[in-house]
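A.B. asks:
Put into structure tokens, the structure is as follows:
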């Protein structure tokens with residue numbers, strides 16, 4: 120995992136996982152990439168337009184997360200909530216690389232993990248088939264419609280620091296059951312994706328001490344920057360006024376000296392008419 124010592128843009132991103140730089144399961148380098156976070160820390164200065172990438176070892180793939188809404192922790196720290204997009208498990212072109220065996224691939228809303236889970240017929244989804252095809256839920260009796268607030272996966276991140284404040288990972292494990300005509304007892308069973316269980320793990324709030332430090336780290340710098348900006352502006356204005364005052368006083372002093380110099384100056388003494396070159400001239404008649 121990158122520590123951010125050389126590049127903070129990759130802070131908290133996996134470099135290797137189990138000594139591997141890439142996964143061996145899928146058909147393209149992009150789908151085999153592990154260049155994501157573990158979900159606890161992300162590169163700083165996150166915006167609402169960013170897509171956060173989290174590597175999920177159970178899914179054996181990167182899970183994209185996109186901005187959902189602004190949130191606030193109990194400690195008063197502002198954050199952004201990120202959640203997987205609606206097409207994250209869509210049966211479309213951008214997920215084609217996760218179906219190396221070719222069609223038929225997993226239905227919309229399901230992810231086939233058999234290749235990375237010892238070839239077991241397991242498909243993962245969100246609880247109650249949230250974001251999945253309606254036919255999957257209709258095929259099973261007794262399963263209620265999904266509620267986004269209860270069944271959505273999300274991570275709340277403090278955007279400036281890139282620290283996860285609150286998170287909920289919710290995944291449902293499903294068993295893909297295929298019709299077996301050779302076994303009389305199940306010969307009439309249709310192909311079905313049967314939900315086994317769903318689980319939830321995460322964190323509600325950071326410890327109070329950590330929340331206090333995070334609140335301090337996010338609130339003090341903006342106030343300090345604002346105060347420093349106003350302080351420097353006031354200092355600059357004061358220096359300009361001081362410089363103008365000094366120039367005015369200097370100009371006034373020079374003008375006074377010039378006037379006094381004209382007033383004190385005297386004309387040189389006139390020569391004595393009766394003397395010229397040190398000799399007295401006699402008047403001749």
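Numbering (our numbering), first residue to last: 120 to 404. Even for Gly, the Cβ is constructed at its ideal location relative to N, Cα and C. All values derive from a computational prediction rather than experimental measurement.
Quick one: Cα of residue 308 to Cα of residue 226, how far?
C.D. replies: In a straight line, the C-alpha of residue 308 is about 18 angstroms away from that of residue 226.
A.B. asks: Between the Cα of residue 332 and the Cα atoms of 266, 296, 189, 194, which residue gives the shortest distance?
C.D. replies: The option with the nearest alpha carbon to residue 332 is 194.
A.B. asks: As a quick exercise: from 247, 282, 170, pick the residue whose alpha carbon is nearest that of residue 258.
C.D. replies: Looking at the Cα atoms, 247 is the closest of the given residues.
A.B. asks: Determine which residues share a DSSP beta bridge with residue 183 and list them.
C.D. replies: Paired residue(s): 172.
A.B. asks: Find the nearest neighbour of residue 410 within the set 165, 326, 290, 242, judged by alpha-carbon distance.
C.D. replies: Any property of residue 410 remains undetermined from this structure, which presents the chain solely from 120 to 404.
A.B. asks: Using DSSP with H/G/I as helix, E/B as strand and the rest coil, what is residue 282?
C.D. replies: Strand, per DSSP.
A.B. asks: For residue 202, name the three-state secondary structure that DSSP assigns.
C.D. replies: Strand, per DSSP.
A.B. asks: With distances taken from CA atoms, which of 288, 276, 254 is nearest residue 270?
C.D. replies: Of 288, 276, 254, the residue nearest in Cα terms is 288.
A.B. asks: In or out: residue 124 buried (at least 16 other Cβ within 10 Å) or exposed?
C.D. replies: Exposed, because fewer than 16 other Cβ atoms sit within 10 Å of the Cβ of residue 124.
A.B. asks: Count the CB pairs spanning the region 210-218 and the region 296-307 that are closer than 8 angstroms, and state whether there are at least three.
C.D. replies: Verdict: no, contact absent.
A.B. asks: Runs of 3 residues minimum, wholly inside the region 131-174: which ones carry the beta strand (DSSP E) assignment?
C.D. replies: Listed in chain order, there is nothing to give.
A.B. asks: How about the region 281-296 and the region 134-145: do they share at least three Cβ pairs that are nearer than 8 angstroms?
C.D. replies: Flag = no, the region 281-296 and the region 134-145 do not touch.
A.B. asks: With distances taken between CB atoms, is the gap from residue 182 to residue 173 smaller than 8 angstroms?
C.D. replies: Going by C-beta atoms, residue 182 is nearer than 8 angstroms to residue 173.
A.B. asks: Between which residues of its own chain and residue 122 is the CB-CB distance below 8 angstroms, once the five residues before and five after are set aside?
C.D. replies: Once the five neighbours on either side are set aside, the close Cβ partners of residue 122 are 130.
A.B. asks: Going by other Cβ atoms of all chains shown within 10 Å of its Cβ, with 16 needed for buried, is residue 362 buried or exposed?
C.D. replies: Flag for residue 362 reads exposed.
A.B. asks: In this structure, does DSSP put residue 260 in helix, strand or coil?
C.D. replies: Reduced to three states, the DSSP call for residue 260 is coil.
A.B. asks: Since residue 132 contacts residue 156 with CB under 8 angstroms, what's their CB separation in whole angstroms?
C.D. replies: Correct: roughly 6 angstroms between the Cβ atoms.
A.B. asks: Which full runs of the beta strand (DSSP E) of 3+ residues lie inside the region 228-276, going along the chain?
C.D. replies: Listed in chain order, they are 241-244.
A.B. asks: Inspect the beta-carbon positions of residue 201 and residue 184 and report whether they are closer than 8 angstroms.
C.D. replies: In this structure, residue 184 lies closer than 8 angstroms to residue 201 by Cβ.
A.B. asks: Can you tell me which residues form a DSSP beta bridge with residue 314?
C.D. replies: Paired residue(s): 293.
A.B. asks: Quick check on residue 135: buried or exposed, where buried means 16 or more other Cβ atoms within 10 Å of its Cβ?
C.D. replies: When all chains shown are included, residue 135 counts as exposed.
A.B. asks: For residue 400, count neighbouring Cβ atoms within 10 angstroms of its own Cβ and tell me buried if that reaches 16, exposed if not.
C.D. replies: Residue placement at residue 400 cannot be trusted, given a pLDDT of 45 that sits under 50; what the coordinates show is reported in the next sentence. Label assigned to residue 400: exposed.
A.B. asks: Identify the residues that DSSP records as bridge partners of residue 363: which are they?
C.D. replies: BP columns for residue 363 are empty, so no partner.
A.B. asks: Excluding five sequence neighbours on each side, which residues of the same chain lie with their C-beta closer than 7 angstroms to the C-beta of residue 263?
C.D. replies: Counting only Cβ-Cβ distances below 7 angstroms, and skipping sequence neighbours, we find 247.
A.B. asks: Which residues does DSSP list as the beta-bridge partners of residue 189?
C.D. replies: Residue 189 pairs with 199.
A.B. asks: Which of the three DSSP states is assigned to residue 355 in this structure?
C.D. replies: Helix.
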